[in-house]
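*Asks:* First the structure, which I've put down as structure tokens, then a few questions once you've had a look.
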């Protein structure tokens with residue numbers, strides 16, 4: 001297990017490097033030396049490119065290039081798989097919840113190609129989501145050679161390695177896997193995730209020449225340090241601490257707005273009556289239009305606003321942290337980036353939502369810092385008896401805002417805190433960062449009914465994302481515990497047939513199938529009792545018989561329920577538990593792709609599965625069992 005984790009880390013580290021190279025190649029084709037939307041560290045070279053070829057169009061070329069890129073991404077998705085669309089994290093979570101962690105390795109290749117084209121052509125997307133999916137695919141591949149219950153851990157380790165390699169942030173990678181993907185902290189999981197994260201970081205640092213020390217300013221906050229007037233700590237704690245508390249509530253509202261806007265845009269594109277492969281091109285067209293309109297309203301050149309809104313946006317984040325943007329521009333960019341990345345992701349293009357969240361957080365934080373500074377300066381000027389109130393520069397609030405927005409949208413305050421610490425090396429900002437990330441997460445969760453930017457997509461697919469963990473049920477699938485010998489009733493069967501079957505099988509519920517064997521409903525003893533309420537039961541020669549008038553002999557499909565929720569054999573067992581709890585049902589039919597019953601999972605099956613888990617609750621907490629001699633020692637008592 002540990003050896004495989006090391007191999008996954010090496011692959012993810014190399015994947016992070018290759019992904020940057022592919023983005024660099026794509027943006028060279030589209031922009032040459034004119035723009036660096038992928039924020040890659042490789043030198044840009046002057047080669048024939050689309051930007052120069054379309055120069056005769058003037059500013060309109062910035063409208064056309066992301067449209068062309070979106071069309072190419074749509075064609076790649078059409079020729080490969082829809083798994084390539086959008087951010088990679090929901091897809092990884094979906095595979096862990098309903099497919100036992102199985103991810104087709106080819107998806108990593110498809111995702112690399114599609115995301116590179118999307119980002120390289122100016123798509124307002126992040127590069128972290130794709131590398132998470134690439135690392136997770138490596139974990140899933142090696143999980144084939146292990147017991148199935150370890151696959152989820154290896155997939156999470158691959159995701160952690162992806163984050164660590166691309167951000168040069170091993171601690172954040174570890175916490176991302178534990179806090180968001182696994183939502184648990186078992187020692188074996190921690191060991192595997194740490195090994196993969198460390199190896200990925202070591203590989204990426206060696207090739208990309210990252211500094212091994214905390215505070216990788218050249219990666220995210222290049223040129224920003226305390227020497228140029230930017231302070232990463234509170235200058236007047238008694239004043240600024242309440243400010244950060246207020247800022248936490250602001251971030252919470254912003255986080256909810258981001259998630260709602262993103263998925264609202266996606267729903268609009270879902271209803272758009274054009275071929276699916278054309279939709280990313282429409283998103284690119286809208287993105288280009290946003291760039292041109294922002295140039296008009298902000299009185300900037302189109303190439304400047306394109307540099308602000310195209311790609312991952314790290315250069316603009318640098319500028320905001322350094323305090324080189326005016327209040328008008330910084331607040332406008334927060335709104336424009338929200339629209340730009342909603343158009344890109346919502347249209348079905350391929351890329352992550354992590355970097356756009358950091359960008360919006362930096363703009364909102366910078367704006368909050370500027371407004372606070374103006375407010376307290378005005379107060380000290382108005383009331384001369386009040387001494388001048390010093391607060392940190394806007395850059396400090398921008399950094400806190402970056403972590404706050406990610407924490408709020410992903411419900412991951414610890415991951416956000418660690419990643420900002422590792423990217424800036426500023427431990428003195430930890431206190432306000434923790435306050436803002438926690439408050440922001442709480443507010444956003446209240447507004448989204450405990451949803452996140454990753455889980456909202458799964459909710460729409462009907463997939464339950466649970467917070468709790470019961471033993472290791474999340475490591476099992478429905479097929480691991482289901483009863484495969486399924487007793488069924490045929491369509492048209494009578495009450496007498498149903499009662500006889502219930503008496504013979506001792507079941508409390510029976511699936512109903514049609515002539516082809518497909519599931520059409522389910523009938524329970526409660527349903528039958530309700531039907532027989534008005535029946536006359538009498539005893540003849542010691543036997544109970546049911547006397548029903550002919551007109552009351554309803555077939556079982558009319559008595560039972562035809563609105564039956566089913567799950568496939570690969571469904572995560574803890575998801576099945578949540579479904580049973582939510583619907584208050586005692587059994588869930590398991591069906592194949594043809595809707596034929598292949599098994600059934602009951603509450604008893606769940607309890608037996610939990611009872612047979614050896615490593616978890618029994619090892620962690622010894623529960624004494626007291627046998628009452630007055631009670632019979634039967635299996636039912638257990």
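Residue numbers (our numbering): 1 to 638. From the three backbone atoms N, C-alpha and C, an ideal C-beta is built for every residue, glycine too. Given the structure is predicted, the values throughout are model-derived calculations rather than measurements.
1) According to DSSP, is residue 304 helix, strand or coil?
2) Look at the alpha carbon of residue 260 and the alpha carbon of residue 453, and state the distance between them as a whole number of angstroms.
3) From residue 461 to residue 53, what does the alpha carbon distance come to, in whole angstroms?
4) By the DSSP assignment, the alpha helix (DSSP H) with residue 437 in it spans what residues?
5) Would you mind working out which of 577, 19, 562 and 601 sits nearest residue 208, comparing C-alpha positions?
6) Select from 487, 191, 163 and 44 the residue whose C-alpha is nearest the C-alpha of residue 2.
7) With contact counted as at least three CB pairs below 8 Å, one residue from each stretch, are the region 327 to 336 and the region 96 to 113 in contact?
8) Just tell me which of 490, 417, 395 and 495 has its CA closest to the CA of residue 511.
9) Could you pull out every residue in the same chain whose Cβ sits closer than 6 Å to the Cβ of residue 175, ignoring the five residues on either side in sequence?
10) Identify the continuous beta strand (DSSP E) that holds residue 521 and give its terminal residues.
11) Under 8 Å between the Cβ atoms of residue 124 and residue 441?
12) Just mark residue 238 as buried or exposed, buried being the case when its beta carbon has 16 or more other beta carbons within 10 Å.
13) In angstroms, rounded to a whole number, what distance separates the CA positions of residue 362 and residue 605?
14) Rounded to the nearest angstrom, what separates residue 494 and residue 277 at their Cα positions?
15) So, for residue 498: in the same chain, excluding its five sequence neighbours on each side, which residues have a beta-carbon less than 8 Å away from its beta-carbon?
16) Taking all protein chains shown into account, do 16 or more other C-beta atoms lie within 10 angstroms of the C-beta of residue 325, making it buried, or fewer, making it exposed?
17) Have a look at the DSSP bridge pairing and note the partners of residue 597.
18) Return the Cβ separation of residue 258 and residue 360 in integer angstroms, given the expectation that the two are a contact with Cβ distance under 8 Å.
19) If you reduce the DSSP assignment to three classes, tell me which class residue 489 lands in.
20) Do the region 195 to 209 and the region 102 to 114 meet, that is, are 3 or more Cβ pairs less than 8 Å apart?
21) DSSP three-state label for residue 319, please.
22) Give me the DSSP bridge partner(s) of residue 602.
23) In terms of alpha-carbon separation, which member of 602, 316 and 476 lies closest to residue 147?
24) Which one or two residues does DSSP pair with residue 510 in a beta bridge?
25) Based on the DSSP secondary-structure assignment, which residues constitute the bridge partners of residue 561?
26) With 16 as the cutoff for other CB atoms within 10 Å, does residue 593 come out buried or exposed?
27) Please report the Cβ distance between residue 170 and residue 164, rounded to the nearest whole angstrom; I am assuming they are in contact, meaning their Cβ atoms lie under 8 Å.
28) Cα-Cα, which of 155, 114, 285 and 585 is closest to residue 25?
29) Quick one: measure Cβ to Cβ for residue 575 and residue 463, integer angstroms, because I've assumed they're closer than 8 Å.
30) For residue 483, which residues from the same chain have a beta carbon less than 8 Å from its beta carbon, with the 5 sequence-adjacent residues on both sides left out?
31) Please state the DSSP three-state secondary structure of residue 673.
32) Between the Cα of residue 364 and the Cα atoms of 16, 152 and 254, which residue gives the shortest distance?
33) Please classify residue 357 as buried or exposed, where buried requires at least 16 other C-beta atoms within 10 Å of its C-beta.
34) Using DSSP's beta-bridge definition, name the partner residues of residue 424.
35) Might you give, ordered along the chain, the residues of its own chain that have their beta carbon closer than 7 Å to the beta carbon of residue 456, omitting 5 neighbours on each side?
36) Take residue 92 as the anchor and find which of 352, 447, 583 and 516 has the nearest alpha-carbon.
*Replies:* A quick look at the data gives this:
1) Helix.
2) For residue 260 and residue 453, the distance between alpha carbons rounds to 9 Å.
3) Going from the Cα of residue 461 to the Cα of residue 53 covers about 43 Å.
4) Residue 437: member of the alpha helix (DSSP H) spanning 430 to 447, first to last residue.
5) Across the set 577, 19, 562 and 601, the C-alpha of 19 shows the shortest separation from the C-alpha of residue 208.
6) Of the candidates 487, 191, 163 and 44, the one whose C-alpha sits nearest the C-alpha of residue 2 is 191.
7) Counting C-beta pairs closer than 8 Å gives fewer than three between the region 327 to 336 and the region 96 to 113, which falls short of the contact rule.
8) With distances taken between Cα atoms, residue 511 lies closest to 490.
9) In the same chain as residue 175, and ignoring 5 residues on each side of it, the C-beta atoms closer than 6 Å to its own belong to 414, 415 and 418, in chain order.
10) 519 to 524 is the span of the beta strand (DSSP E), which, as asked, contains residue 521.
11) No, these two residues do not count as a Cβ contact at 8 Å.
12) Per the 10 Å Cβ criterion, exposed.
13) Whole-angstrom Cα-Cα distance: 50 Å.
14) If you take the alpha carbons of residue 494 and residue 277, they lie about 51 Å apart.
15) Apart from the 5 residues on each side of it in sequence, residue 498 sits with its Cβ closer than 8 Å to the Cβ of 489, 510, 523, 528, 556 and 559 in its chain, given in chain order.
16) That one is buried.
17) The partner list for residue 597 (beta bridge, DSSP) reads 591.
18) Contact between residue 258 and residue 360 holds, with the beta-carbon distance rounding to 6 Å and staying under 8 Å.
19) Three-state result, residue 489: strand.
20) No, the region 195 to 209 is not in contact with the region 102 to 114.
21) Looking at residue 319 - three-state DSSP - the assignment turns out to be helix.
22) As a beta-bridge residue in DSSP terms, residue 602 pairs with 587.
23) Its Cα nearest to that of residue 147, the residue 476 stands out among 602, 316 and 476.
24) Beta-bridge pairing links residue 510 to 523.
25) Answer is 522, bridged to residue 561.
26) Exposed is the call here.
27) So it is a contact: roughly 4 Å between Cβ atoms.
28) Shortest Cα-Cα distance from residue 25 to any of 155, 114, 285 and 585 involves 114.
29) That belief holds up - the Cβ atoms of residue 575 and residue 463 are roughly 7 Å apart, short of 8 Å.
30) Closer than 8 Å at the Cβ level, and outside the excluded window around residue 483, lie 599, 600, 601, 602 and 605.
31) In the structure as shown, the chain begins at 1 and stops at 638. Residue 673 is therefore absent and cannot be evaluated.
32) The residue among 16, 152 and 254 with its C-alpha nearest the C-alpha of residue 364 is 254.
33) Counting the other Cβ atoms within 10 Å of the Cβ of residue 357 gives 16 or more, which makes it buried.
34) Residue 424 is not bridged to any residue.
35) Once the five neighbours on either side are set aside, the close Cβ partners of residue 456 are 259 and 263.
36) Checked all of 352, 447, 583 and 516; the closest Cα to residue 92 is 352.
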